[in-house]
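Undergrad: I have a structure I would like to understand better, so I am pasting it below and will then ask my questions one at a time.
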Amino acid sequence: MTLKIGVPNKGRLNERTVDLLRKAGLDLGEDIGRKLYVQIRNQDIEVMFVRANDIPGFIDRGAIDMGITGLDMMAESGCQLHNALNMQFGYCHLAVAVPMESQVRDVKDIPDGSRIATSFPRCTEEYFKSIGKDVEILYISGAAEIMPYLGVSDYIVDLVSTGSTLKMNRLVEIGTILESQAAVLVSERAMKEHAREIEEVTSALSSVISAEGRKYIMADVPKECLPKVREIMPGIGGPTVLQLAGSDDYVAVHAVVEQDRIYSIITDLKRMGAKGILTMPIERLVER
Ligand code: AMP
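Note that the numbering used here has the sequence shown beginning at 1390, numbered continuously upward.
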């Protein structure tokens, strides 16, 4: 049976999701453009392009088997889904913010009856109930930041990543309702019906995410430096050490390293007298 995967059709999560699926080996074809769905070549998989906030509901109803969207969307949908993989992008948090001029600097000091504008009414209601506050929730479909300025609300609840939009609108964050990032979401039913296919797609995505931010480094190092080399480039299960034909003094070492350590590793290797240092990108990294 065809595996149906929901992907955000536009917005912040679209581009990176499509990029990761392609890198994981799903052939989405040349020009996705405004297509509503794509049949993956050579695999029994269909990718459906839908709105990010519809994805949890579609998974829950069985219209699609799995989907990639923000954890905030899952929380707001109220659907109980399984998070098969954190995708490590789309980081943000759902925050309570107040106008700079307000005296309130703690959610505990928000008076009962306050008006809170948000596009996350469910999460907001649950949160204020959980801290024992009786507030009025005003649903708006976007641009919550402007609502206190317009006099429509006293405070807002909105997604924040860098905080620059809040700052621009003279708002201050005083509390966090939830942390979010993009994730692969699956229903319990799909987990049973498509266990193998879901595992294959998820582990392919996971291997691409693990590979990004790492590099493969190779160098010929003086044999006596091996203990130090093992320290600076431990690799995954220790570096690979290879004999060099025609040299008794040097050995070749290969290892996977974090990209942000490349500069210091190369500097250390050079200091030890290493030769022929080269680094290569890694496409996939399957650690287990
Ligand atoms: P979209 O509305 O389609 O652009 O997607 C919005 C999704 O992107 C949210 O549900 C979050 O999961 C994610 N996101 C990440 N950072 C932010 C941000 N600063 N504001 C809004 N959404 C964000």
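Using N, Cα and C, we set each Cβ at its ideal position, and we do this for glycine too.
Remember, it's a predicted structure, so these values are computed and weren't measured experimentally.
Between the C-alpha atoms of Ala1634 and Val1610, what's the straight-line distance to the nearest angstrom?
TA: Distance between Ala1634 and Val1610, taken at the CA atoms: about 14 Å.
Undergrad: For the putative contact between Lys1393 and Ile1453, defined by C-beta atoms under 8 Å, what is the C-beta separation to the nearest angstrom?
TA: Cβ atoms of Lys1393 and Ile1453 come within 8 Å of each other, at about 4 Å.
Undergrad: Looking at Leu1410 and Ala1486, is the spacing between their C-beta atoms short of 8 Å?
TA: Not in contact: Ala1486 and Leu1410 (Cβ atoms no closer than 8 Å).
Undergrad: Which stretch, first to last residue, makes up the beta strand (DSSP E) that contains Ser1636?
TA: 1636-1647
Undergrad: In whole angstroms, what is the alpha-carbon distance linking Ile1535 and Glu1588?
TA: 43 Å
Undergrad: For Met1390 and Tyr1528, what's the separation of their Cα atoms in angstroms?
TA: About 40 Å.
Undergrad: Pick out whichever of Gly1446, Asp1495, Val1407 has its Cα sitting closest to the Cα of Asp1416.
TA: Val1407
Undergrad: Look at the Cβ atom of Met1622, then the Cβ atom of Val1640, and state whether they are nearer than 8 Å.
TA: No. Outside cutoff.
Undergrad: Gly1502 to Gln1570, Cα distance in whole Å?
TA: 31 Å
Undergrad: May I ask which residues mark the beginning and end of the alpha helix (DSSP H) holding Thr1565?
TA: From DSSP, Thr1565 is part of no alpha helix (DSSP H) but of the beta strand (DSSP E) over 1560-1569.
Undergrad: Apart from the five residues just before and just after Lys1522, which ones in its own chain have a Cβ nearer than 7 Å to its Cβ?
TA: Closer than 7 Å at Cβ, skipping near neighbours: Ile1499, Asp1501.
Undergrad: Please work out which residues of its chain come closer than 6 Å, Cβ to Cβ, to Lys1664, disregarding the five sequence neighbours upstream and downstream, and give them in chain order.
TA: Asp1609
Undergrad: Short of 7 Å in beta carbon distance, which residues of its chain neighbour His1583, apart from the five on each side in sequence? Order them along the chain.
TA: Same-chain partners within the cutoff: Leu1392, Asp1454.
Undergrad: Where are the beta strand (DSSP E) runs, 3 residues long or more, that stay fully inside the region 1569-1593, in chain order?
TA: You should have 1571-1575.
Undergrad: If we count the other Cβ atoms within 10 Å of its Cβ and call it buried at 16 or more, is Asp1461 buried or exposed?
TA: buried
Undergrad: Report the rounded CA-to-CA distance for Asp1547 versus Gln1428, giving the unit in angstroms.
TA: 36 Å
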